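Engineer:
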Amino acid sequence: MSVNRSWVLAHRPEGAVAATDFGFREEAFTPSDLAQGEILVRSRIFSCAPTIRTWLNPPGRSYRGAIEIGEAIRGMAAVEVIASCHPRFSVGQLVTAVAPWQDYAVLRPDEAAVPVTAIPEGMEAVDAMTLYSPNSLTAYFGLFSVGEPRPGMTVLVSGGAGSVGAMVCQMARIAGCRVVAVAGGQEKCRWLMESCGADAAIDYRSQDLPGQLKAACPKGVDIFFDNVGGDILQAAVDRMVAHGRIVLCGQISAYDSGEPAAGPRDMMKLVYGRVRMEGFVVGDYAEHYPEAMRAIRAWAASGQIRSRVDLREGFDVLPSAFTELFKGQNMGTLLVQIPDP
Ligand SMILES: NC(=O)c1ccc[n+]([C@@H]2O[C@H](COP(=O)([O-])OP(=O)(O)OC[C@H]3O[C@@H](n4cnc5c(N)ncnc54)[C@H](OP(=O)(O)O)[C@@H]3O)[C@@H](O)[C@H]2O)c1
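For my numbering, count along the sequence shown from 1 and bump the result up by 1147.
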């Protein structure tokens, strides 16, 4: 008999999320019989993603299903199949899936909203959770399908040093664009210019954002890939060229505030500028994942894209690591590895 630890939602955060909003549970774990179509998995790596924060809000203020009080937190994970009653999955296989923050869980792949996907033979689980993860697909479809870049365009990326943002910067560079990234802190800005192909990087915390944006984008912004919203979105709207595109990927500046994300102040700028502002959800492009993955693998093999991982260790650190996302304390995709007990 083993122990199954879990992190559950103890109470809904009011404003900024704190580690104390999470509750720890420990239960004796005895594997029970699986029903047809179920797999029993053991967690290996969890991804701390900002979107989880929106699921902690009350129903109605949560996009895609609020987590109930007392329910386990869920998020993307790399898990190992330890028992299977599903024809596509076998014992010992590593898969990526949305899974509860627990040591062990029963998953039903055929009912999963996010596909349960086998990690290909020879691929490291960490790579499946970074370079080849849904975040890279998000960057790909947001940039190429919504943003429609052409060589010579200026692409502005907020949350530029994050998991999605750093991929967008590198892909925009591959598309022949001029890349301007926005991130918090000199260290992240330096990394964006040295390693992610950014032509300019703006530290939004320490500088006059509208002034810096004007200096970095003298001809204006053709495509704004927005992970952040708020003041950054406002400043970008003021710099968009005619027929520019604003790709709405996320609004992280609002997730931890308890308030809905506000839009730009002067929508007439978008009217007269004929600017297209479009939200998207990566899952809508699922049928095109294979072609995107082929491109991502080829770019990674030729050294044109790479990912940076901020790897933490231990089931205990999951809540505190998660709260760091909203203070910008992660340096790359924030993963928590769960060692064997
Ligand atoms: N549309 C989709 O299908 C889809 C799919 C996946 C993710 N997303 C969205 O993509 C965005 C990025 O996600 P990610 O996983 O790549 O996260 P991430 O960027 O790796 O991590 C979060 C980063 O956001 C920045 N940040 C946090 N609070 C901020 C604030 N108040 N103002 C400005 N920046 C702030 C911090 O960087 P700094 O140090 O630079 O502040 C932090 O390091 C999120 O909005 C997420 O919801 C959308």
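All C-beta atoms in this analysis are idealised placements derived from N, C-alpha and C, irrespective of residue type, glycine included. This one's a predicted model, so the numbers in the text were calculated from it and none came from an experiment.
Closer than 6 Å by C-beta to A1345: which residues in its own chain qualify, once you throw out the five before and the five after it? Chain order, please.
Structural biologist: Answer for A1345: C1316, V1326, A1328, L1339, listed in chain order.
Engineer: Three Cβ pairs or more, each shorter than 8 Å: is that satisfied between the stretch 1445–1463 and the stretch 1272–1281?
Structural biologist: yes
Engineer: Which residue wins for smallest C-alpha separation from P1411, given the options V1155, L1395, T1177?
Structural biologist: Of the listed residues, the one whose Cα sits closest to P1411 is L1395.
Engineer: Take A1447 and list the residues in its own chain whose beta-carbon comes closer than 6 Å to its own, dropping the five residues that flank it on each side.
Structural biologist: L1278
Engineer: Taking the straight line between their C-alpha atoms, what separation do you get for M1415 and A1442?
Structural biologist: 38 Å
Engineer: Should Q1398 go down as buried or exposed, given a rule of 16 or more other Cβ atoms within 10 Å for buried?
Structural biologist: buried
Engineer: Taking the alpha helix (DSSP H) that F1288 falls in, what are its first and last residues?
Structural biologist: 1281–1288
Engineer: Would you report the Cα separation of M1478 and V1311, rounded to the nearest angstrom?
Structural biologist: 12 Å
Engineer: Compare the beta carbon distance of R1297 and E1185 with 8 Å and say whether it is the shorter of the two.
Structural biologist: no
Engineer: Closer than 7 Å by C-beta to V1368: which residues in its own chain qualify, once you throw out the five before and the five after it? Chain order, please.
Structural biologist: Excluding positions up to five away in sequence, the list reads T1301, L1303, A1383, R1386, M1387, V1388, G1391.
Engineer: In the DSSP assignment, find the unbroken alpha helix (DSSP H) run with E1334 in it and report its ends.
Structural biologist: 1333–1342
Engineer: With a threshold of 7 Å, establish whether the CB of C1396 neighbours any heavy atom of ligand 1.
Structural biologist: yes
Engineer: What does the Cβ neighbour count give for Y1210, buried or exposed, with the cut at 16 atoms within 10 Å?
Structural biologist: exposed
Engineer: Please state the DSSP three-state secondary structure of P1411.
Structural biologist: coil
Engineer: Candidates A1433, R1444, G1475, V1483: which alpha carbon is nearest F1288's?
Structural biologist: When each option's Cα is compared against that of F1288, the closest is A1433.
Engineer: Counting only runs that start and end within the stretch 1223–1288, where is the beta strand (DSSP E) found for 3 or more residues in a row?
Structural biologist: 1241–1247, 1251–1254
Engineer: Could you give the distance in angstroms between the alpha-carbon of P1206 and the alpha-carbon of E1218?
Structural biologist: 14 Å
Engineer: Under 7 Å: does the beta carbon of K1335 sit that close to some heavy atom of ligand 1?
Structural biologist: yes
Engineer: For D1373, list the residues DSSP reports as bridge partners.
Structural biologist: L1395
Engineer: State the DSSP-derived secondary structure class of R1325, mapped to helix, strand or coil.
Structural biologist: Secondary structure at R1325: strand, using DSSP grouped into helix, strand and coil.
Engineer: Just to check, is the beta-carbon of N1204 closer than 7 Å to a non-hydrogen atom of ligand 1?
Structural biologist: Checking every heavy atom of ligand 1 against the Cβ of N1204, none is found closer than 7 Å.
Engineer: Can you tell me whether Y1419 is buried or exposed, with buried defined as 16 or more other CB within 10 angstroms of its CB?
Structural biologist: When all chains shown are included, Y1419 counts as exposed.
Engineer: With a threshold of 16 other CB atoms inside 10 Å of the CB of S1231, please say whether the residue is buried or exposed.
Structural biologist: buried
Engineer: Cβ of G1475 versus every heavy atom of ligand 1: is any distance shorter than 7 Å?
Structural biologist: yes
Engineer: Quick one: measure Cβ to Cβ for F1171 and W1154, integer angstroms, because I've assumed they're closer than 8 Å.
Structural biologist: 6 Å
Engineer: Rounding to the nearest angstrom, what Cα-Cα distance links T1243 and R1444 in this structure?
Structural biologist: As the crow flies, the alpha-carbon of T1243 is around 17 Å from that of R1444.
Engineer: Mapping the DSSP letters down to three states, classify R1200 as helix, strand or coil.
Structural biologist: helix
Engineer: In whole angstroms, what is the alpha-carbon distance linking Q1484 and I1192?
Structural biologist: Pairing Q1484 with I1192, the inter-Cα distance amounts to about 4 Å.
Engineer: Suppose you measure from the CA of E1271 to the CA of V1188; what does that come to, to the nearest Å?
Structural biologist: 18 Å
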